[in-house]
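Undergrad: I'd like to ask some things about the structure below.
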Amino acid sequence: MKTILIVDNHPEFLIAVSHLVADLLQDLQKGPVKILRTTSAIAAFNASRSQRIDLLITDYQIPNEMNGFQLISRLRDRPEMRKVLMTFGSLELLEALAAEQGVDDVLRKPIEENELRTILEKYI
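Residue numbers for the sequence shown follow the numbering used here, so the first one is 118 and each next one is one higher.
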């Protein structure tokens, strides 16, 4: 079974994205897939150490702890894990920096359903 871990410090957004991911996976007939979610980058890091995570989708800005880049950077030793960064910022600048940090893809918030579908098709 594949596992997706979604990280965002806004619980409402986190729940909404989790439901969207579940719906898209069902539409794509990808399954079974376990979806984990957390509001904490530290909890995400710890979860990735205790179990296999196939796809990490993390927000860039996570206050009071490591940000999305820092989380992904700490997971560089996990090449089997695909890493996607979500942001409200400019994609052009972020994509250039992201590639250097080990980010596989970048999603702009608010998330477009078709863009998320493409990510799931590619990595799950």
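Idealized CB from N, CA, C, for every residue including glycine.
Classify residue 216: buried if its beta carbon has 16 or more other beta carbons within 10 angstroms, exposed otherwise.
TA: Its Cβ having fewer than 16 others within 10 Å, residue 216 is exposed.
Undergrad: Touching or not, the stretch 189-196 and the stretch 138-149, by the rule of three or more beta carbon pairs under 8 Å?
TA: No, the stretch 189-196 does not touch the stretch 138-149.
Undergrad: Please name the residue in 119, 168, 149 and 175 whose C-alpha comes closest to that of residue 125.
TA: Measuring from the Cα of residue 125, the nearest candidate turns out to be 175.
Undergrad: Of all the options 157, 143 and 121, which has the alpha carbon lying nearest to the alpha carbon of residue 127?
TA: Selected option, being the one with the closest Cα: 157.
Undergrad: Are the beta-carbon atoms of residue 134 and residue 172 separated by less than 8 Å?
TA: No; because the gap between Cβ atoms is not below 8 Å, this pair is not in contact.
Undergrad: Output the distance between the C-alpha atoms of residue 182 and residue 121, rounded to the nearest integer angstrom.
TA: Distance between the alpha carbons of residue 182 and residue 121: 21 Å.
Undergrad: May I have the straight-line CA-CA distance separating residue 146 from residue 222, to the nearest angstrom?
TA: Using only the alpha carbons, I get a separation of about 22 Å.
Undergrad: Given residue 226, which residues of its chain have a CB within under 7 Å of its CB, disregarding the five upstream and five downstream residues?
TA: Excluding positions up to five away in sequence, the list reads 203, 204 and 205.
Undergrad: Are the Cβ atoms of residue 159 and residue 123 separated by less than 8 Å?
TA: No, the Cβ-Cβ distance between residue 159 and residue 123 is not below 8 Å.
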